[in-house]
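Those protein sequence lines, which keep their order, are chains A and B. The first sequence lines up with residues 1 to 124 when you count with the working numbering. The second sequence lines up with residues 1 to 124 when you count with the working numbering. Each residue gets a CB set at the ideal place from its N, CA and C atoms; glycine is no exception.
2 protein chains.
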Amino acid sequence: MNNIARAEAFIRHWEDRDPAAIAAAVAEDVFYHNIPMPPMTGREAVREFAAPFLENADRVQWDVHYIAETTNGAVLTERTDHFHMKTGKTISVRVMGVFEFNAAGEIQKWRDYFDLAEFQSQMS
Amino acid sequence: MNNIARAEAFIRHWEDRDPAAIAAAVAEDVFYHNIPMPPMTGREAVREFAAPFLENADRVQWDVHYIAETTNGAVLTERTDHFHMKTGKTISVRVMGVFEFNAAGEIQKWRDYFDLAEFQSQMS
């Protein structure tokens, strides 16, 4: 499996609202940085971040507009991430993100770039 | 010249603080969207946006962390854009952006993703 396929599989784990699969796809010491927010480190931190959010969602859809792999194996994406919440609210975030992989094919680093105010105004 | 080379040349035009070269590299009807801001359309709008900003800068440096081209020719970048202003202030924006090219090799669409508050807090 190439790294684009790995990134696509990871996105499907979010759409499947499967925190265990999300956690399994990242490295034990993954570095995950939503750029306008404090970064987090470690598989367990990612699981704890994803699980409550996904539990409150009915449906998750990440539209991938573009995906490309650099010559050294990083995967760059342009996406719109939709979260249809159980409250009836939909959160849609316009985002670009980078995934870096380790030798085992796990996500070692993940950085997502978006406007925090756009996200927060929909969360409130 | 492939599209990665075109995107790199475009970035150098910003570093050279050359609004004419920037304008020449984009399509007449370019669509330029700094995602958290209103989009603009047209070569002249891009020139009018870039020129006063670059006139007030002593030095511009865009660090490209990653660059990759999709199978259909779009170029995705992860960058930190530094603007050293004549006031002595430095503005550094963490950004990811997409460039789409037309058949003439001009930039037809450009979308940059960043946190608006991060940019504005440094501008003020």
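Should residue i be flagged as near chain A, meaning a C-beta pair shorter than 9 Å?
{"i": "B/F10", "result": "no"}
{"i": "B/E78", "result": "yes"}
{"i": "B/V60", "result": "no"}
In chain A, what lies closer than 9 Å to residue i by C-beta?
{"i": "B/A117", "result": "P36, D115, L116, A117"}
Kindly list, in the order they appear in chain A, the residues whose Cβ is closer than 8 Å to that of residue i.
{"i": "B/R6", "result": "The premise fails here: B/R6 is roughly 15 Å from chain A at the closest Cβ pair, so nothing lies under 8 Å."}
{"i": "B/T70", "result": "Y66, I67, A68"}
Can you list the residues of chain B that residue i reaches, using a CB-CB cut of under 7 Å?
{"i": "A/V95", "result": "Y113"}
Output yes or no for whether 9 Å exceeds the beta carbon distance between residue i and residue j.
{"i": "A/I4", "j": "A/A103", "result": "no"}
{"i": "A/R47", "j": "A/H82", "result": "no"}
{"i": "A/V26", "j": "A/I91", "result": "no"}
{"i": "B/A45", "j": "B/H84", "result": "no"}
{"i": "B/Q122", "j": "B/K89", "result": "yes"}
Going along chain A, which residues have a C-beta under 7 Å from residue i?
{"i": "B/V30", "result": "In chain order: nothing, as chain A lies at least about 18 Å away."}
{"i": "B/E48", "result": "Chain A residues near B/E48: none, gap ~23 Å exceeds 7 Å."}
Using C-beta distances below 6 Å, list every residue in its chain close to residue i, excluding the 5 sequence neighbours before and after it, in chain order.
{"i": "B/H65", "result": "E78"}
{"i": "B/V93", "result": "D81, F114, F119"}
{"i": "A/F10", "result": "A25"}
Rounded C-beta distance between residue i and residue j? I'm assuming under 8 Å.
{"i": "B/E28", "j": "B/R43", "result": "5 Å"}
{"i": "B/E100", "j": "B/A74", "result": "5 Å"}
{"i": "A/F49", "j": "A/P39", "result": "About 11 Å separates the two Cβ atoms, so there is no contact after all."}
{"i": "B/A21", "j": "B/H13", "result": "4 Å"}
Would you say residue i faces chain B, with C-beta separation under 9 Å as the test?
{"i": "A/A74", "result": "yes"}
{"i": "A/V26", "result": "no"}
Take residue i and list the residues in its own chain whose beta-carbon comes closer than 7 Å to its own, dropping the five residues that flank it on each side.
{"i": "B/R111", "result": "H33, I35, G97, V98"}
{"i": "B/A23", "result": "R43, V46, R47"}
{"i": "A/P19", "result": "R47, A50, A51, L54"}
Residues in the same chain with beta-carbon distance under 8 Å from residue i, minus the five sequence neighbours each way, listed in chain order, please.
{"i": "B/E125", "result": "Past the edges of chain B, shown from 1 to 124, lies residue 125 of chain B, and the structure says nothing about it."}
Looking at the C-beta of residue i, does it have a partner C-beta in chain E at a distance below 9 Å?
{"i": "B/E100", "result": "Among the chains of the structure shown, chain E does not appear; the protein chains present are A and B."}
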